[in-house]
Amino acid sequence: MSRLDLAGRTAALDTAVQAAEGRIEPALLEEARAVVTRARERGGLSAEHTVVALAGATGSGKSSVLNAVAGVAIAQPGVRRPTTSHPMAAVWGDGADPLLDWLEVGRRHHVGAVDEPGAPVEPNPPVEPVETPRDGTGVSTSSTSGAAQTSAGGGGPFRRRTPAGDTTGLVLLDLPDHDSVVTEHRMRAERLVQRADLLVWVVDPQKYADAALHEGFLRPLAGRAEVVVVALNQADRLTPDETSAMLSDLRRLVAEDGLDGARVLAVSAKTGQGMDDLRGLLANAAARREAATARLAADERVVARRIVDECGTPPPSRAGSQARGDLVAALEDAAGVPTVVEAVRGSARRDARAATGWPLTRWIGRLRKDPLRRLGLRTADREHRAPSGREDLVRTSLPTARPAVRSTAASAVRRYVEDVTRGVADPWVLAARSRGQAGIDTLPDALDQAVAATRVEAARRPVWWSLVNVVQWALVAVLAAGLLWLFVLFGFTYLQLPPLPTPVLTLPVWSGDGVVFPGAPESGSGEGLGVDPFTIPWPTLMVLGSVVLGLLVALVCRVFGALGARRRARAARRRLRQSVGAVADRLVREPVGEELTRLASCRTAAVVAAS
Numbered sequence: 018m019s020r021l022d023l024a025g026r027t028a029a030l031d032t033a034v035q036a037a038e039g040r041i042e043p044a045l046l047e048e049a050r051a052v053v054t055r056a057r058e059r060g061g062l063s064a065e066h067t068v069v070a071l072a073g074a075t076g077s078g079k080s081s082v083l084n085a086v087a088g089v090a091i092a093q094p095g096v097r098r099p100t101t102s103h104p105m106a107a108v109w110g111d112g113a114d115p116l117l118d119w120l121e122v123g124r125r126h127h128v129g130a131v132d133e134p135g136a137p138v139e140p141n142p143p144v145e146p147v148e149t150p151r152d153g154t155g156v157s158t159s160s161t162s163g164a165a166q167t168s169a170g171g172g173g174p175f176r177r178r179t180p181a182g183d184t185t186g187l188v189l190l191d192l193p194d195h196d197s198v199v200t201e202h203r204m205r206a207e208r209l210v211q212r213a214d215l216l217v218w219v220v221d222p223q224k225y226a227d228a229a230l231h232e233g234f235l236r237p238l239a240g241r242a243e244v245v246v247v248a249l250n251q252a253d254r255l256t257p258d259e260t261s262a263m264l265s266d267l268r269r270l271v272a273e274d275g276l277d278g279a280r281v282l283a284v285s286a287k288t289g290q291g292m293d294d295l296r297g298l299l300a301n302a303a304a305r306r307e308a309a310t311a312r313l314a315a316d317e318r319v320v321a322r323r324i325v326d327e328c329g330t331p332p333p334s335r336a337g338s339q340a341r342g343d344l345v346a347a348l349e350d351a352a353g354v355p356t357v358v359e360a361v362r363g364s365a366r367r368d369a370r371a372a373t374g375w376p377l378t379r380w381i382g383r384l385r386k387d388p389l390r391r392l393g394l395r396t397a398d399r400e401h402r403a404p405s406g407r408e409d410l411v412r413t414s415l416p417t418a419r420p421a422v423r424s425t426a427a428s429a430v431r432r433y434v435e436d437v438t439r440g441v442a443d444p445w446v447l448a449a450r451s452r453g454q455a456g457i458d459t460l461p462d463a464l465d466q467a468v469a470a471t472r473v474e475a476a477r478r479p480v481w482w483s484l485v486n487v488v489q490w491a492l493v494a495v496l497a498a499g500l501l502w503l504f505v506l507f508g509f510t511y512l513q514l515p516p517l518p519t520p521v522l523t524l525p526v527w528s529g530d531g532v533v534f535p536g537a538p539e540s541g542s543g544e545g546l547g548v549d550p551f552t553i554p555w556p557t558l559m560v561l562g563s564v565v566l567g568l569l570v571a572l573v574c575r576v577f578g579a580l581g582a583r584r585r586a587r588a589a590r591r592r593l594r595q596s597v598g599a600v601a602d603r604l605v606r607e608p609v610g611e612e613l614t615r616l617a618s619c620r621t622a623a624v625v626a627a628s
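Converting from the sequence shown to our numbering requires adding 17 to each position, the first position being numbered 1.
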């Protein structure tokens with residue numbers, strides 16, 4: 018993985034951490050922040066150096082392994098415990114000082130070239146069984162000469178062997194014992210275990226299965242097998258069969274710790290058994306210069322996977338739209354939208370009857386109050402009651418069962434959150450529920466304002482209402498003319514004046530032999546049919562016809578008015594649904610959606626970091 022890839026992974030993990038703030042376990046967030054900080058700090062230091070940490074328990078032989086790898090007595094083994102109080106670094110090459118400062122390793126030993134490449138490995142020189150005092154002041158020593166080294170105990174000379182191949186850039190650390198009785202020593206070891214690029218755990222045949230090692234150190238490194246090496250030291254004390262059996266058991270334990278694939282090898286710092294393999298492994302890591310990136314990437318992958326697990330499974334893609342529809346429907350009921358829609362239908366029927374009904378009976382309909390006016394939703398009334406033209410401040414006259422409305426709204430919000438967070442981890446569900454319920458107290462007023470501000474009446478009256486109204490009043494005029502005519506005729510008769518000529522309408526009649534049309538011969542003549550045609554005076558026809566036609570037109574228009582009222586009610590429901598939906602979006606869906614967006618951002622970034 019390139020440094021650019023690592024930078025992208027680090028940025029993704031940082032994004033996930035910021036999005037998960039307050040939503041996942043604080044300990045996990047703190048660990049993730051530490052990983053991000055460590056990655057950025059290490060990324061700003063030398064990429065040409067590979068930090069290898071030799072870690073292990075008391076008496077495992079870390080210092081002896083360091084000396085065997087370096088080919089020079091750098092670390093002083095001893096029998097008094099703890100034997101290593103401060104970390105020590107063996108450095109191949111220059112330019113590692115800033116890195117060692119970051120590691121807080123003050124004791125540094127610069128290792129030079131090999132005197133005799135290919136020379137056989139000789140045992141480490143004997144040393145006195147006491148610890149050489151270390152002050153941890155950062156004293157740096159150097160071993161660049163090929164001359165023989167003399168032990169502290171006055172032992173004979175020996176030749177140095179360094180890791181095979183190009184080892185420039187290798188920084189080999191001897192850590193304090195992880196099971197030290199001194200807390201400060203353990204803390205130093207734990208800190209360097211976190212910061213090292215490659216970890217070599219040195220175990221011995223007696224403690225390789227120690228629970229403190231596996232539970233306290235190896236298991237927390239699960240998922241980082243590529244940067245972990247387990248070296249079984251003191252293999253010279255075992256027979257080949259014992260070595261093989263112990264390596265198999267050690268591999269099993271390491272795999273159970275989540276480090277399946279970690280390299281496990283047997284070595285002996287005393288005889289040099291297996292040391293060539295270990296040197297080659299370290300030289301290869303130093304030459305490739307990828308251990309630092311691999312370690313940081315492994316750390317980020319592990320913590321990112323845990324964040325993904327804390328996010329839960331993503332909710333179904335269609336859950337949001339369905340849940341919103343259910344939420345809006347529930348809030349419509351809470352806001353009294355069905356009552357308003359029914360009022361719109363009744364008001365539209367009333368308006369239609371008032372515009373197209375028989376004018377002489379329209380007053381009967383006016384005895385019933387307009388349903389919309391009763392709710393305070395007539396446009397003219399709303400504009401009249403609006404303070405300073407602020408129609409959004411007008412309230413309806415819907416029944417105000419506030420506790421019931423709040424309870425219904427709260428249930429709707431709770432169901433909505435459950436639907437859109439199905440499968441999501443509990444902390445995120447609680448956060449989304451909290452955001453959604455924050456606006457419940459304002460929902461009743463907001464819904465009432467939304468209903469009051471919605472124009473539920475038609476923008477204009479139907480044209481056919483005006484046409485029918487003209488026809489109806491024309492029929493009333495005909496009725497008035499007919500009544501006046503009849504009144505005049507009655508007056509002439511009452512005053513015994515000669516009757517005025519009155520035109521009549523002769524209508525065809527049906528007889529047994531056929532239809533008698535106006536103008537047919539009168540009855541009694543030889544050519545007649547014996548049936549008198551039906552005649553009606555025009556004044557009477559005007560009165561009766563206008564009344565019958567007016568009532569008939571009113572009845573027909575009532576049917577069409579009911580159909581129009583139904584359409585108007587549907588249009589009002591659509592507008593009210595939009596208004597209620599806007600309230601639901603503003604007070605519920607958007608706050609919950611922000612939480613879900615935050616969850617999606619966290620999960621997406623964590624998946625990238627864990628890839």
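Ideal Cβ positions, reconstructed from N, Cα and C, are used throughout, including at glycine.
Counted as a single uninterrupted DSSP element, the beta strand (DSSP E) harbouring R280 occupies residues R280 to A283. If you draw a straight line from the Cα of V565 to the Cα of V354, it comes to about 40 Å. With three or more CB-CB distances shorter than 8 Å, the segment 20-36 counts as touching the segment 318-337. Taking 7 Å as the cut-off, the Cβ atoms of S596 and T471 count as close. According to DSSP, residue pairing for D191 in a beta bridge involves L71 and M105. If the five residues before and after T438 are omitted, its C-beta is found closer than 7 Å to the C-beta atoms of P332, W445, V446 and A449, all from its own chain and listed in chain order. By the C-beta density criterion, L522 is exposed, having fewer than 16 other C-beta atoms within 10 angstroms. Beta-bridge partners of T552 (DSSP): T523. Apart from sequence neighbours up to five positions away, the residues of its chain that approach D316 with a beta-carbon distance below 6 Å are V52, ordered along the chain.
About 20 Å separates the CB atoms of L264 and V244; that is not less than 8 Å, and the two are not in contact. Contact between L71 and V219 holds: CB atoms are separated by about 6 Å, below the 8 Å threshold. Distances from the CA of L348 to each of L613, A56, R594 and E612 were compared; the closest alpha carbon is that of R594. The alpha-carbon separation between L23 and V69 amounts to approximately 20 Å. Under the three-pair Cβ rule at 8 Å, the segment 284-296 counts as touching the segment 232-252.
Excluding residues up to 5 positions away in sequence, E327, C328 and G329 lie with their Cβ nearer than 7 Å to the Cβ of A442 in the same chain. In this chain, the alpha helix (DSSP H) harbouring L298 covers M292 to R305.
Relative to the Cα of E612, the nearest Cα in the group F504, A455 and F509 belongs to A455.
For W218, the uninterrupted beta strand (DSSP E) run begins and ends at L215 to V220, by DSSP. In the displayed model, G329 falls within a strand according to three-state DSSP. Look at L514 here: in three-state DSSP terms it is coil, with no helix or strand label.
By the neighbour-count criterion, in which 16 or more other beta carbons inside 10 Å mark a residue as buried, Y433 falls on the buried side. L238 is classed as buried because its beta carbon has at least 16 other beta carbons within 10 Å across all chains shown. Note on geometry: alpha-carbon atoms of T310 and D214 lie some 8 Å from one another. For L249, the secondary structure class from DSSP, reduced to helix, strand or coil, is strand. For Q35, the enclosing alpha helix (DSSP H) has its first and last residue at R20 to A36. Between N250 and V284, the gap from beta carbon to beta carbon is short of 7 Å.
Within the model, the alpha-carbon separation for P388 versus P516 is close to 54 Å.
Contact between V624 and V325 holds, since their C-beta atoms are separated by about 6 Å, short of 8 Å. Rounded to whole angstroms, the separation of the alpha carbons of L187 and A37 is 38 Å.
With respect to I457, A421 sits apart: the two C-beta atoms are not nearer than 7 Å. Note on A308: 16 or more other CB atoms within 10 angstroms of its CB, so buried under the neighbour-count rule. Residue burial annotation: A303 is buried, with at least 16 other C-beta atoms found within 10 angstroms of its C-beta.
The beta carbon of R592 sits closer than 8 Å to those of T471, R472 and V473, all from its chain and outside the five residues before and after it, given in chain order. Collapsing the DSSP output to three states places V319 in a helix.
A direct Cα-Cα distance of roughly 34 Å separates E207 from R615.
Ranked by how close their Cα comes to the Cα of E273, the residues L255, S261, R306 and A228 have A228 in first place.
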